[in-house]
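S.K.: Residue numbers (the working numbering): 959 to 1352. Ideal placement from N, C-alpha and C gives every residue a C-beta, glycine not left out. Okay, handing you the structure first.
Spelled out as structure tokens, the structure:
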């Protein structure tokens, strides 16, 4: 135990010496760093578009090479965002297509990639390449990929933001040396990706820590610590869930009396958090929900998790169209600036999207500090209680 403590203490000292707080980044200032469509997909599509900057076809050519896609014709090349709901679509006059499904954190929809592939076939594209882009480079769920696994070799592959996009961006940075605005944009976007993937450690800090681990039996201690890291993340997430429930129970007793049985149970919570952190295939969605009086247990305010915990009002548009529409109007009038889909007339990662699978150093600092943790719990529970009150009032 003492050797592990010594190693952790040494790592802490090295962080104090080398680590620097994240600098200004206009991507996170203008858009949340996790915004798949309006930030990542748009920026990547613009960089792939040969007519959008001074690098010409080089970025697209290098990405095609990284994707092992050869003989992709340049005649009539077109790069689009959100065409047929496809995040990034590259096509040409020879009816070749590259489909990139961009998943920074969001979960897959059933048969999502299959549907996109069929849509392109129906539009007359003969050679279709599918690339599934995530932070870690993992494959989609089986029901999303489906029959695409059986296509000819090279038609489907997974891409990773850190493993694939960072080297690609570094190549683009080298080409943009004489274009300061583009070079700075690329550098800041690269830094954002490093932060999102948990690789935001500067070279001096990384080299010093790596050399330290190679001394004596430090590497064995690091191995043990790495194995315990996911368990620590799961316990940290469970602590956040319990703190949210406890604060609502003490500060908003009226709402607490309407807790839904669909909420996580104390007996299941630790296992749910472990499955989530480790991305187990059989992991189930879970949350903390409170029925809103007057709606016969069809509408609730709640917290739910994807990569981070978000909060909002749950109401299915298909089964409750009138109530869904009325809730949208009420929430808009109350100034709740969240997003909206067919199940949530309003939802938001509030106050920010805390990545509970691969948190950045800054996010770990927030979750580990008792005062900042308490502020986070108070902010999230207060906002949910406000929404609950807005939607129950006549």
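Between residue 1185 and the ligand ZN, is the CB less than 6 Å from at least one heavy atom?
M.R.: Looking at this structure, you won't find the ligand ZN or any other ligand, since it has none at all.
S.K.: Count Cβ pairs between the stretch 1280 to 1298 and the stretch 1316 to 1334 that sit closer than 8 Å; are there 3 or more?
M.R.: no
S.K.: Looking only at its chain, what residues have a beta carbon closer than 6 Å to the beta carbon of residue 1003, apart from the 5 residues adjacent to it on each side?
M.R.: As a first step, residue 1003 is located in the chain shown; it is residue number 45 there, counting from the start. Here the set comprises 1037, 1039 and 1046.
S.K.: Could you check if residue 1105 is buried or exposed, using at least 16 other CB atoms within 10 Å of its CB as the buried criterion?
M.R.: In the chain shown, the residue the question calls residue 1105 occupies position 147. Flag for residue 1105 reads exposed.
S.K.: Please list the terminal residues of the continuous alpha helix (DSSP H) segment that includes residue 1231.
M.R.: Working through the chain shown from its first residue, we reach residue 1231 at position 273. For residue 1231, the enclosing alpha helix (DSSP H) covers residues 1224 to 1235.
S.K.: Between residue 1348 and the rest of its own chain, which residues show a CB-CB distance below 8 Å, the 5 nearest in sequence each way excluded?
M.R.: Position 390 of the chain shown, counted from the start, is the residue given in the question as residue 1348. Taken in chain order, the residues that qualify are 1288, 1289, 1292 and 1294.
S.K.: CA-CA distance, residue 1210 and residue 1345?
M.R.: Position 252 of the chain shown, counting from 1, holds the residue named residue 1210. Position 387 of the chain shown, counting from 1, holds the residue named residue 1345. One C-alpha to the other measures close to 12 Å.
S.K.: Give me the Cα-Cα distance between residue 1006 and residue 1013, rounded to the nearest whole angstrom.
M.R.: Here the question's residue 1006 lines up with position 48 in the chain shown. Here the question's residue 1013 lines up with position 55 in the chain shown. Each residue's alpha carbon lies about 10 Å from the other.
S.K.: Between 1329, 1071, 1244 and 1100, which lies nearest to residue 1088 when the distance is taken from Cα to Cα?
M.R.: Translated into positions along the chain shown, residue 1088 becomes position 130. It is 1071 whose Cα lies nearest to the Cα of residue 1088.
S.K.: Excluding the 5 residues flanking residue 959 on each side, which residues of the same chain have their C-beta closer than 7 Å to its C-beta?
M.R.: Counted from its first residue, the chain shown places residue 959 at position 1. The predicted model places residue 959 with a pLDDT of 46, which falls under 50 and marks its position as unreliable, so this point remains unresolved.
S.K.: According to DSSP, residue 1258 sits in a beta bridge with which residue or residues?
M.R.: Sequence index remark: in the chain shown, residue 1258 carries index 300 (1-based). For residue 1258, which the question treats as bridged, DSSP gives the partners 1249 and 1272.
S.K.: Throw me the rounded Cβ distance for the residue 1119 and residue 1086 pair, which I believe falls under 8 Å.
M.R.: By one-based count along the chain shown, residue 1119 stands at place 161. By one-based count along the chain shown, residue 1086 stands at place 128. Wrong, their Cβ atoms sit about 23 Å apart, outside the cutoff.
S.K.: Excluding five sequence neighbours on each side, which residues of the same chain lie with their C-beta closer than 7 Å to the C-beta of residue 1127?
M.R.: Sequence index remark: in the chain shown, residue 1127 carries index 169 (1-based). Taken in chain order, the residues that qualify are 1144, 1147 and 1148.
S.K.: Going by C-alpha distance, which of 1284, 1153 and 1135 is nearest residue 1317?
M.R.: Position 359 of the chain shown, counted from the first residue, corresponds to residue 1317. It is 1153.
S.K.: Among 1021, 1136, 1137 and 1334, which one has its Cα closest to the Cα of residue 1091?
M.R.: Position 133 of the chain shown, counted from the start, is the residue given in the question as residue 1091. Among 1021, 1136, 1137 and 1334, the Cα nearest to that of residue 1091 belongs to 1021.
S.K.: Any contact between the stretch 1304 to 1314 and the stretch 1171 to 1180? By contact I mean 3 or more CB pairs, one from each, below 8 Å.
M.R.: Taking 8 Å as the limit for Cβ pairs, the verdict is that the stretch 1171 to 1180 does not touch the stretch 1304 to 1314.
S.K.: For the alpha helix (DSSP H) containing residue 1181, name the first residue and the last one.
M.R.: As a working mapping, residue 1181 is identified with position 223 in the chain shown. Element bounds for residue 1181: 1176 to 1209.
S.K.: Quick one: give me the first and last residue of the alpha helix (DSSP H) that residue 1030 is part of.
M.R.: The residue given as residue 1030 occupies position 72 in the chain shown. Note, residue 1030: premise wrong, no alpha helix (DSSP H); not H, not E.
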